[in-house]
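Residue numbers (my numbering): 3 to 290.
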């Protein structure tokens, strides 16, 4: 699916656009299966170790990890992209349908920025895990180093299941692009820094894709449901531009001019992340 002129105009005017039907189940399901298999394997290990009493194997994807984490939260900290490093996950980062959408705003020479996350947003009542995926109001531009300030870095937010107001869907403040970074003291916007424009909640279905400018303020509220809100937030930019996280690995995910430059080696990607995580120890990621 190519990004339509209507979608591009909405993005330029509002600072974001939700692309309906941007992805299919066949795009996302290999990643979901990879996570299901990993959670099953780790649950069996935890049960053998006596850390959990049940496997909860009959629970659906949206609830199994919650049930496990009610007894032990170990798995929760193993699931982000840079720690998990699954093959299907790596393949998805350069998924052709996803790249078609990104190309509509970034152009044909695309690099995957290393600020990338997969987030299992747990129900707020789950006791054994910190609810780290409740995000205060912020701009993604503010969590990149200064060298990326002039660069167009596109945020791509993808729900892997239905995202609702109840389970903490994204909210954005539109029409802020062009005003620069509004933060002055921290990565979260403080009182008085937030624009007065009303926030727009963005409930989304699996397969819909949010494309967002890095200056658009957004937040995420608590998950008040009994299921996990699984999502990915990825970032892409024109190849050859600074990422704002140079200590971590970027890679070329599409190139019309030089297709051979696209990184397709899963083992190499894993190696780059292992080295990057080691380099990043003690590194100051934020400007404040």
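Note that beta-carbon positions come from the ideal geometry of N, C-alpha and C, so glycine has one too.
Rounded Cβ spacing between residue 174 and residue 140 (contact assumed at less than 8 Å): Looking up residue 174 in the chain shown gives position 172. Looking up residue 140 in the chain shown gives position 138. Actually they do not touch by this definition, with Cβ atoms about 11 Å apart.
Within the present structure, is the beta-carbon of residue 167 separated from the nearest heavy atom of the ligand MG by less than 7 Å? With respect to the ligand MG, the structure offers nothing, as it holds no ligand at all.
On the three-state DSSP scale, how would you describe residue 108? The count along the chain shown starts at 1 and reaches residue 108 at position 106. Helix at residue 108.
Quick one: give me the first and last residue of the beta strand (DSSP E) that residue 234 is part of. As a first step, residue 234 is located in the chain shown; it is residue number 232 there, counting from the start. Looking at the DSSP string, the run of the beta strand (DSSP E) that includes residue 234 is 231 to 240.
In the DSSP assignment, find the unbroken alpha helix (DSSP H) run with residue 34 in it and report its ends. On the chain shown, position 32 is the one that residue 34 refers to. Here the alpha helix (DSSP H) through residue 34 covers 27 to 50.
By the DSSP assignment, the beta strand (DSSP E) with residue 264 in it spans what residues? As a first step, residue 264 is located in the chain shown; it is residue number 262 there, counting from the start. From DSSP, residue 264 is part of no beta strand (DSSP E); its letter is neither H nor E.
Host beta strand (DSSP E) of residue 214 (start-end): Taking the chain shown and counting its residues from 1, one reaches residue 214 at position 212. Residues 211 to 214.
Three-state secondary structure assigned by DSSP to residue 294: No answer is possible for residue 294: it lies beyond the span of the chain, which begins at 3 and ends at 290.
Identify whether residue 144 lies in helix, strand or coil by the three-state DSSP scheme. On the chain shown, residue 144 is found 142 positions in, with the first residue counted as 1. Helix at residue 144.
Is it true that the CB of residue 236 sits closer than 8 Å to the CB of residue 107? The residue you call residue 107 lines up with position 105 of the chain shown. The residue you call residue 236 lines up with position 234 of the chain shown. Their beta carbons are not under 8 Å apart, which means residue 107 does not touch residue 236 by this criterion.
Considering only their Cβ atoms, is the gap separating residue 3 from residue 256 smaller than 8 Å? Stepping through the chain shown from its first residue, residue 256 is reached at position 254. Stepping through the chain shown from its first residue, residue 3 is reached at position 1. Contact: no.
Distance, Cα to Cα, residue 287 vs residue 249? What you label residue 287 is simply residue 285 of the chain shown in a count that begins at 1. What you label residue 249 is simply residue 247 of the chain shown in a count that begins at 1. If I take the Cα positions, the gap works out to 9 Å.
Report, in whole angstroms, the separation of the C-beta atoms of residue 27 and residue 209, which I expect to be a contact under 8 Å. Here residue 27 corresponds to residue number 25 of the chain shown, with the count starting at 1. Here residue 209 corresponds to residue number 207 of the chain shown, with the count starting at 1. At roughly 7 Å, the Cβ-Cβ gap stays under 8 Å, so residue 27 and residue 209 are in contact.
Check residue 12 in the structure and name its three-state DSSP category. For this step, residue 12 is matched to residue 10 along the chain shown. Three-state result, residue 12: helix.
Report the residue from 193, 176, 158, 186 whose alpha carbon sits nearest the alpha carbon of residue 200. Residue 200 sits at position 198 when you count from the first residue of the chain shown. Ranking the options by Cα distance to residue 200, first place goes to 176.
Grouping DSSP H, G and I as helix and E and B as strand, with all else coil, what is residue 87? Taking the chain shown and counting its residues from 1, one reaches residue 87 at position 85. DSSP places residue 87 in coil when its eight states are reduced to three.
When you compare the CB positions of residue 60 and residue 234, do they come within less than 8 Å of one another, or not? On the chain shown, position 58 is the one that residue 60 refers to. On the chain shown, position 232 is the one that residue 234 refers to. The answer is no: Cβ separation not under 8 Å.
How many Å lie between residue 11 and residue 47 at the Cα? Stepping through the chain shown from its first residue, residue 11 is reached at position 9. Stepping through the chain shown from its first residue, residue 47 is reached at position 45. Spanning the two alpha carbons is a distance of roughly 50 Å.
Consult DSSP for residue 294 and reduce its assignment to one of helix, strand or coil. Lying outside 3 to 290, the shown extent of the chain, residue 294 is not represented and no answer is given.
Nearest to residue 85 (by Cα), restricted to the options 49, 55, 271: Working through the chain shown from its first residue, we reach residue 85 at position 83. Ranking 49, 55, 271 by Cα distance to residue 85 puts 271 first.
DSSP three-state call for residue 150: helix, strand or coil? By 1-based counting over the chain shown, the position of residue 150 is 148. Correct three-state label for residue 150: helix.
Run through DSSP, which three-state label would residue 179 get? Here residue 179 refers to the residue found at position 177 of the chain shown. If DSSP states are grouped into helix, strand and coil, residue 179 belongs with coil.
Three-way DSSP call (helix, strand, coil) for residue 204 in this model: Counted from its first residue, the chain shown places residue 204 at position 202. Residue state, collapsed to three classes: strand.
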